[in-house]
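Undergrad: In my numbering, the protein residues as written are 17 to 274. Below is one structure. I have some questions about it.
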Ligand code: PGA
């Protein structure tokens, strides 16, 4: 894992945007896995700026989103379809037919999940997967005790996640109980993973992910098994790391590494 600690969430977002842009510039038809939530908002804002001011070209890019709430229509303001459209897609030149987001309203979830996994494979697999992390250590909606080999499926949200996400809804009882989510196994097949985290609420989950054991209690810890993970986190999210000095030392000496 490469751990990059930035002073502010703004720096975190800009660093992450540079990573995404370099993947797209190297491979214009890259397949990018996208995340929702508060964390990647600054990253998407920066990608929109790069598209407008620097010509970052999404015309051949394909995207697969990690998850969607079950029961919310695409037009629902808290659906991830709506989030992605408002915060990224409507501002860039991505082709509509290249956007994939799990359906929250299909009448056959089992068949849909199977098709979603197939579609990722048919598109050549995910080149770069962007991730946030839940305060319970989840990636996508893979809640504690999710199988580390899991694939796209329906997941029952943990109480902690419902409480965390209640801020986006009028009341906690409006937060959907189920989500359709890529599995940990699906995420581990991405060629490169870029996880972002900011704020003190993520510090414990970040420390457990990087320095704790691999365990389904913190599904992000499965990323320790992946050969190409970059974690870009701010100071507050880094606060519980025991090896913090070492990560800074690595970054400082990287330019001279053989
Ligand atoms: P957040 O959510 O970015 O809104 O904190 C992250 C997550 O639950 O994965």
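Beta carbons: idealized from backbone N, C-alpha and C, even for Gly. A quick note: this is a predicted structure, and the numbers were derived from the prediction, not measured.
Should residue 54 be listed as close to the ligand PGA, given that the test is whether its C-beta is under 7 Å from any heavy atom?
TA: As a first step, residue 54 is located in the chain shown; it is residue number 38 there, counting from the start. Indeed, a heavy atom of the ligand PGA lies less than 7 Å from the Cβ.
Undergrad: Leaving aside the five residues before and after residue 23 along the sequence, list all residues of the same chain whose C-beta is less than 8 Å from its C-beta, in chain order.
TA: Numbered from 1 along the chain shown, position 7 holds the residue referred to as residue 23. Hits under 8 Å: 250 and 251.
Undergrad: Work out the CA separation of residue 62 and residue 103 for me, nearest whole Å.
TA: On the chain shown, residue 103 is found 87 positions in, with the first residue counted as 1. On the chain shown, residue 62 is found 46 positions in, with the first residue counted as 1. Approximately 11 Å, taken between the alpha carbons.
Undergrad: Take residue 92 and list the residues in its own chain whose beta-carbon comes closer than 7 Å to its own, dropping the five residues that flank it on each side.
TA: Here the question's residue 92 lines up with position 76 in the chain shown. Only 98 meet the Cβ criterion.
Undergrad: For residue 243, which option in 142, 136, 206 and 69 has the closest C-alpha, if you only look at C-alpha atoms?
TA: On the chain shown, residue 243 is found 227 positions in, with the first residue counted as 1. If we check each option's Cα against that of residue 243, 206 comes out closest.
Undergrad: Closer than 7 Å: is that where the CB of residue 154 sits relative to any heavy atom of the ligand PGA?
TA: Translated into the one-based positions of the chain shown, residue 154 becomes position 138. Checking every heavy atom of the ligand PGA against the Cβ of residue 154, one is found closer than 7 Å.
Undergrad: Reducing DSSP to helix, strand and coil, say where residue 157 ends up.
TA: Taking the chain shown and counting its residues from 1, the one referred to as residue 157 is at position 141. Here residue 157 sits in coil by DSSP.
Undergrad: Nearest to residue 195 by CA position, among 96, 112, 17 and 221, is which residue?
TA: Within the chain shown, numbered from 1, the residue matching residue 195 stands at position 179. The candidate whose alpha carbon is nearest that of residue 195 is 96.
Undergrad: Roughly how many angstroms separate the alpha carbons of residue 110 and residue 260, rounded to a whole number?
TA: Numbered from its first residue, the chain shown carries residue 110 at position 94. Numbered from its first residue, the chain shown carries residue 260 at position 244. One C-alpha to the other measures close to 38 Å.
Undergrad: Nearest by alpha-carbon distance to residue 121: which of 138, 84, 145 and 108 is it?
TA: Mapped onto the chain shown, residue 121 falls at position 105. Comparing Cα-Cα distances from residue 121 to each of 138, 84, 145 and 108, the minimum goes to 84.
Undergrad: Between residue 149 and the ligand PGA, is there a pair consisting of the residue's CB and a ligand heavy atom that are separated by less than 7 Å?
TA: As a working mapping, residue 149 is identified with position 133 in the chain shown. Residue 149: yes, Cβ under 7 Å from the ligand PGA.
Undergrad: Here's the rule I'm using: 16 or more other beta-carbon atoms within 10 Å means buried, otherwise exposed. How should residue 134 be labelled?
TA: Numbered from its first residue, the chain shown carries residue 134 at position 118. Per the 10 Å Cβ criterion, exposed.
Undergrad: In terms of residues, what are the limits of the beta strand (DSSP E) holding residue 28?
TA: For the purposes of this step, residue 28 is taken as residue 12 along the chain shown, with counting starting at 1. Where residue 28 is concerned, there is no enclosing beta strand (DSSP E), although the alpha helix (DSSP H) it sits in stretches over 25 to 42.
Undergrad: Among 224, 115 and 237, which one has its Cα closest to the Cα of residue 209?
TA: As a working note, residue 209 is residue 193 in the chain shown. When each option's Cα is compared against that of residue 209, the closest is 237.
Undergrad: In whole angstroms, what is the alpha-carbon distance linking residue 213 and residue 270?
TA: Position 197 of the chain shown, counted from the start, is the residue given in the question as residue 213. Position 254 of the chain shown, counted from the start, is the residue given in the question as residue 270. Between residue 213 and residue 270, the C-alpha separation is close to 22 Å.
Undergrad: Please tell me whether residue 171 and residue 157 are closer than 8 Å, where the distance is taken between their beta carbons.
TA: To locate residue 171, count along the chain shown from 1; it is residue 155. To locate residue 157, count along the chain shown from 1; it is residue 141. The answer is yes: Cβ separation under 8 Å.
Undergrad: At the level of alpha carbons, what is the spacing between residue 199 and residue 65?
TA: Residue 199 sits at position 183 when you count from the first residue of the chain shown. Residue 65 sits at position 49 when you count from the first residue of the chain shown. Their Cα atoms are separated by approximately 31 Å.
Undergrad: By DSSP, does residue 22 sit in helix, in strand, or in coil?
TA: Translated into the one-based positions of the chain shown, residue 22 becomes position 6. Strand, per DSSP.
Undergrad: What are the boundary residues of the alpha helix (DSSP H) that includes residue 202?
TA: Taking the chain shown and counting its residues from 1, one reaches residue 202 at position 186. First-last of the alpha helix (DSSP H) with residue 202: 200 to 204.
Undergrad: Answer yes or no: do residue 233 and residue 160 have a C-beta to C-beta separation smaller than 8 Å?
TA: The count along the chain shown starts at 1 and reaches residue 233 at position 217. The count along the chain shown starts at 1 and reaches residue 160 at position 144. Against a cut-off of 8 Å, the Cβ pair of residue 160 and residue 233 comes out as a contact.
Undergrad: In the DSSP assignment, the alpha helix (DSSP H) including residue 167 goes from what residue to what residue?
TA: Your numbering for residue 167 matches position 151 in the chain shown. Premise fails: residue 167 is in no alpha helix (DSSP H) and is neither H nor E.
Undergrad: Determine whether the Cβ of residue 87 lies closer than 8 Å to any Cβ atom of chain C.
TA: Considering every chain present, this structure includes no chain C. It has just one protein chain.
Undergrad: In terms of alpha-carbon separation, which member of 29, 268 and 142 lies closest to residue 148?
TA: Here residue 148 is taken as the residue at index 132 of the chain shown, counted from 1. Checked all of 29, 268 and 142; the closest Cα to residue 148 is 29.
Undergrad: Please name the residue, chosen from 138, 139, 190 and 40, that lies closest to residue 73 on a Cα-to-Cα basis.
TA: For the purposes of this step, residue 73 is taken as residue 57 along the chain shown, with counting starting at 1. Checked all of 138, 139, 190 and 40; the closest Cα to residue 73 is 40.
Undergrad: Have a look at the DSSP bridge pairing and note the partners of residue 147.
TA: The residue you call residue 147 lines up with position 131 of the chain shown. DSSP, once it has assigned bridges, lists 211 as partnering residue 147.
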